[in-house]
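J.: The structure under discussion is supplied below as structure tokens; questions concerning it will follow.
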Amino acid sequence: MKEKLICTGVAALLASVPAWAALGGSPSFHGVRGTPSSSIRVMAASGTATAPWTVNTTTQDGGTVIREYLDSSGTVFAVSWSGPRVASLDTLLGSYFPAWQKGLAAAHAARGGGYGPVTLRESGLVVESGGHMGALIGRAWLPKALPQGFTTDQIQ
């Protein structure tokens, strides 16, 4: 009986830890504070069962909402964020973060510095970021990894 209670407690603790995944990778646990809000399994718009994806939503302690879009194999093909603070893009973009930094620097140089919306479009990565202080939004996806029947309009 005592072992059962311990196992149940450990399972509950693990379930309460937010799952964070890097773009193009599998979900992994990081020491990020927040609350997993929901996980929704979505079927392709065509109604077929061949192209399902899952949307994991997590709300950080500061109020920023992170959505991770996972394909049927559990690989993250898109992420989005919205809230009063920018999400940890190095965590969300993973190995794609250096490309984002380079694109961000180029955008700032092109407009002579300052803040403003930025869009990075490469063959293997698209990142859109914008908003204003207290209401920042963004999304990123891997165009070649989008499941069949999925459109970028679905990245909220």
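Letter by letter, the sequence shown follows residues -21 to -1, 1 to 135 in mature numbering (1 follows the signal peptide of the UniProt record, and there is no 0). No residue lacks a Cβ here, since even glycine has one placed at the ideal position from N, Cα and C.
#1: Just how far apart, CA to CA, sit Thr54 and Gly95?
#2: Could you pull out every residue in the same chain whose Cβ sits closer than 8 angstroms to the Cβ of Gly42, ignoring the five residues on either side in sequence?
#3: Look at the alpha carbon of Thr38 and the alpha carbon of Leu2, and state the distance between them as a whole number of angstroms.
#4: Measuring CB to CB, does Ala119 end up less than 8 angstroms from Glu101?
#5: So, is Arg46 buried or exposed, given that buried needs 16 or more other C-beta atoms within 10 angstroms?
#6: With DSSP run on the structure shown, which of helix, strand or coil describes Phe129?
#7: Taking the beta carbon of Ser108 as the centre, do at least 16 other beta carbons fall within 10 Å, making it buried, or is it exposed?
#8: What residue does the beta strand (DSSP E) around Ala114 start on, and which one ends it?
T.: Walking through what the data contain:
#1: 30 angstroms
#2: Gly62, Pro63 and Arg64
#3: 18 angstroms
#4: no
#5: Looking at its Cβ environment, which holds 16 or more other Cβ atoms inside 10 Å, Arg46 is buried.
#6: It is coil, neither helix nor strand.
#7: Buried, by the Cβ-count rule.
#8: Where Ala114 is concerned, the enclosing beta strand (DSSP E) stretches over Ala114 to Trp120.
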